[in-house]
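What follows is one structure encoded as structure tokens, with my remarks underneath.
Chains as they are written, first to last, in the working numbering: chain A, -9 to 637; chain B, 2 to 178.
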């Protein structure tokens, strides 16, 4: 792409930027407080809509003037629904409130907005440094992060393009259009950006390969087919800051010389589909997408394609097949899609996070980006840390931070005084790592060396009450359902892996299974075409390597040490501790397995019990009478009285 | 799967025919077309699959092959209150399978099925993407986080009671003959 005739871009963009700044100024200077509410899917799931309604009603009733600003997600899932109230007249800095229910919303309206009392007991922190309320950046959950991709997530309204432009959005396009495409590619190569989809292929090299193809029609695809159960950062980015991704797509298309781009989003993410579609329309209306972008000679159409939910479509050749209207089955590479992709044209496929990393690099330069992270893996990584941690959510950290820092310092460690057992990284393609790996720095190469994988960045932390055999069974069950069926080893091999694991979790495991598991896993890796099959046995291999004891107790002692595998456990009620008058367990049992004995204490009918564990939750902590044992034969037998005991 | 189409569904199918004419018969439009049909009918009845096959001039088995490959498409009508139990990694660790089992027991159907009165259907989904709320269940459009087996009964009961109240309200408003 030659930069000639692209000079008008600057004055055209300046006009748009002035408009954005005027709007931002008007918003900032409008009288009354500003209420920022996080409204991405996770916020809505936690009740943000009800909170917003409550604020609107309370404001209308009390006649207070305030503006509600709906923003995306900041990634602090434990705090949802969260609200930031900026009320300068009160003399306080902007205040961050966590878990704002409709009741809390009404209270804050009446007490903080009307009377200037910020209700310190509900405050999480202030978003600016001050001497009255602790600044959130003093908390390790905030200050150890390094936000590059998610910098603007949760600060801007994803449905208003001007909000993004007021924060310096789309500004990199002006400079870029004055440069040659080779220069843009060189900058991405210098920055050392590696694909964030999991495999870590150098992005600049991929672009260069596509740019070198002597074809007129080239395509760019943004891969947002986030199918890994347990990862949701792509969705959050698209829902919180779609324009940064679009800006990255435009840069990529300019660099490789493409005039059409497709954003491939899972249909399971309806809000992301709507927000991205709206964002494209808004960008078109301002001339940032479409014909003659910003008055230059560069054209680009962007459209959304809804993926129909198949895990294998995260693989690039399968993704291409599904856009072509076929079953999403991978095909042999090479030729790689950069040479022959969608409809036979050179196609660059980049992950959402990769493309969203591009605008910050163009803005701050390659050297700035290389300072973040490690030498081989520059930049940041985004993880969704969930499971048994105190502060779950999305965390963007520089590459090279250790797992221990991430889990214990940033996410607050394991709640309820439980011990750490394992962390599952990278979803079905990744692996389970034990405590000895907690000091492993997180980057592409050291995770792969440990047998796990960066993958999509899903991270599930598990405490001592987890069973690693059950976790492998779970992932194999998922892989078995999602295998496209093309390669025999993946289709049938994973089926037999699953059957063996099922046998073990049911107490039917055979000793030779342990050997067969390892052998078959290696064969599946060798005999599969695509990444799905090649990595499918990783959960089994890593748990076999690091948690061999778990497998052996299941097979040899028919016992589940984590008390998870339901055929291997039983519940019983400790009669010493059970209180006569309490009926909590009887009421909660979904199958009426709990009965009253002749002493009016309670017993569990093992033949009816489905081992849901609800009675453990229901039993008041002062009695704490329900016990869990493995193997089930250890439970004492308590006979049900022939006649129901009268209360 | 020999579900008789209702009159309403038949008229929707006619509408789809006119929509298809607008979309054109490019083979690569198959998945967007199936998505459109499912959006209108809530599922893909056999009649609709034949219709799409004729429109694109490919065999019905090819359409069926593509449709069954993807998790998004369903081939039996969902209930009025579709229940989706999340079985993502985080939900699994926190006991999502127990929640699914409770719905199956309470409603007396298996996953992927619909109750005979078409009120409820139960499905498992891979991940709805709010893992911090695990275990999660989506009923209709509403996400219920931190599910427990005892909440299952409450949810089903609440939906049934709400429906009953609506019916009573309706009867009250109708003139007594």
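The beta-carbon is built from N, C-alpha and C at its ideal position, and this holds for glycine as well.
Give a yes or no on whether the minimum CB-CB distance between residue i and chain B is below 9 Å.
{"i": "residue -9(A)", "result": "Any reading at residue -9(A) is ruled out, since the residue's pLDDT is 49, under 50, leaving its predicted position unreliable."}
{"i": "residue 608(A)", "result": "yes"}
{"i": "residue 383(A)", "result": "yes"}
{"i": "residue 87(A)", "result": "no"}
{"i": "residue 313(A)", "result": "yes"}
{"i": "residue 622(A)", "result": "no"}
{"i": "residue 618(A)", "result": "no"}
{"i": "residue 613(A)", "result": "no"}
{"i": "residue 580(A)", "result": "yes"}
{"i": "residue 456(A)", "result": "yes"}
{"i": "residue 600(A)", "result": "yes"}
{"i": "residue 572(A)", "result": "no"}
{"i": "residue 521(A)", "result": "no"}
{"i": "residue 474(A)", "result": "yes"}
Buried or exposed: where does residue i fall if 16 or more other Cβ atoms within 10 Å of its Cβ makes it buried?
{"i": "residue 110(A)", "result": "exposed"}
{"i": "residue 233(A)", "result": "buried"}
{"i": "residue 325(A)", "result": "exposed"}
{"i": "residue 103(B)", "result": "buried"}
{"i": "residue 225(A)", "result": "buried"}
{"i": "residue 598(A)", "result": "exposed"}
{"i": "residue 173(A)", "result": "exposed"}
{"i": "residue 333(A)", "result": "exposed"}
{"i": "residue 306(A)", "result": "buried"}
{"i": "residue 289(A)", "result": "exposed"}
{"i": "residue -3(A)", "result": "exposed"}
{"i": "residue 626(A)", "result": "exposed"}
{"i": "residue 527(A)", "result": "buried"}
Residue i touches chain A at which residues, Cβ-Cβ below 7 Å?
{"i": "residue 71(B)", "result": "298, 299 and 300"}
Do residue i and residue j have their C-beta atoms within less than 9 Å of each other?
{"i": "residue 178(A)", "j": "residue 228(A)", "result": "no"}
{"i": "residue 42(B)", "j": "residue 65(B)", "result": "no"}
{"i": "residue 363(A)", "j": "residue 374(A)", "result": "no"}
{"i": "residue 3(A)", "j": "residue 244(A)", "result": "no"}
{"i": "residue 418(A)", "j": "residue 472(A)", "result": "yes"}
{"i": "residue 254(A)", "j": "residue 309(A)", "result": "yes"}
{"i": "residue 248(A)", "j": "residue 338(A)", "result": "yes"}
{"i": "residue 568(A)", "j": "residue 601(A)", "result": "no"}
{"i": "residue 379(A)", "j": "residue 451(A)", "result": "yes"}
{"i": "residue 359(A)", "j": "residue 189(A)", "result": "no"}
{"i": "residue 294(A)", "j": "residue 250(A)", "result": "no"}
{"i": "residue 579(A)", "j": "residue 609(A)", "result": "no"}
{"i": "residue 143(A)", "j": "residue 65(A)", "result": "yes"}
Using the beta-carbon of each residue, which ones in chain B are nearer than 9 Å to residue i?
{"i": "residue 36(A)", "result": "131, 133, 134, 144 and 146"}
{"i": "residue 518(A)", "result": "Going along chain B, no residue has its Cβ under 9 Å from residue 518(A), so there is no contact; the nearest lies around 18 Å."}
{"i": "residue 464(A)", "result": "88, 90, 93, 94 and 98"}
Within 9 Å (strictly less), CB to CB, does residue i reach chain A?
{"i": "residue 106(B)", "result": "yes"}
{"i": "residue 99(B)", "result": "yes"}
{"i": "residue 102(B)", "result": "yes"}
{"i": "residue 10(B)", "result": "no"}
{"i": "residue 150(B)", "result": "yes"}
{"i": "residue 153(B)", "result": "yes"}
{"i": "residue 137(B)", "result": "yes"}
{"i": "residue 2(B)", "result": "Bear in mind that the predicted position of residue 2(B) carries a pLDDT of just 47, short of 50, making it too unreliable to give a figure here."}
Which residues in chain B have a C-beta closer than 8 Å to the C-beta of residue i? List them in chain order.
{"i": "residue 257(A)", "result": "36 and 73"}
{"i": "residue 641(A)", "result": "Nothing about residue 641(A) can be read from this structure; chain A reaches only from -9 to 637."}
{"i": "residue 220(A)", "result": "89, 90, 91, 128 and 132"}
{"i": "residue 32(A)", "result": "130, 131, 133 and 134"}
{"i": "residue 344(A)", "result": "Per Cβ cutoff of 8 Å: no residues; residue 344(A) is ~20 Å from chain B at best."}
{"i": "residue 348(A)", "result": "Within 8 Å Cβ-Cβ: nothing; residue 348(A) doesn't reach chain B, min ~24 Å."}
{"i": "residue 238(A)", "result": "Under the 8 Å cutoff, chain B gives no residues; its nearest Cβ is about 21 Å from residue 238(A)."}
Can you list the residues of chain B that residue i reaches, using a CB-CB cut of under 7 Å?
{"i": "residue 452(A)", "result": "94"}
{"i": "residue 202(A)", "result": "Those within 7 Å of residue 202(A) in chain B number zero; the least Cβ separation is about 27 Å."}
Cβ closer than 8 Å: which chain D residues qualify as neighbours of residue i?
{"i": "residue 604(A)", "result": "In summary, chain D is missing from the structure at hand, where the protein chains are A and B."}
Between the segment 408 to 430 of chain A and chain B, which residues of the former have CB atoms less than 9 Å from a CB of the latter, in chain order?
414, 417 and 418
Which residues, in chain order, does the segment 315 to 335 of chain A contribute to contact with chain B at a C-beta distance below 7 Å?
315, 316, 317 and 318
What residues from the segment 15 to 46 of chain B come within 7 Å of chain A, judged by C-beta to C-beta, listed N to C?
28, 29, 30, 31, 32 and 36
Could you run through the segment 53 to 79 of chain B and flag, in chain order, every residue whose CB is less than 8 Å away from some CB of chain A?
For the segment 53 to 79 of chain B, which is checked against every Cβ of chain A, the residues closer than 8 Å are 66, 67, 70, 71, 72, 73 and 74.
For the segment 361 to 393 of chain A, which residues have a beta carbon sitting closer than 8 Å to at least one beta carbon of chain B?
374, 376, 377, 378, 382 and 383
Contact set between the segment 44 to 76 of chain A and chain B, restricted to residues whose Cβ is under 7 Å from the partner:
67 and 68
To be precise: take each residue of the segment 434 to 448 of chain A, compare its Cβ to all Cβ atoms of chain B, and keep it if any distance is under 8 Å. Which residues remain?
448
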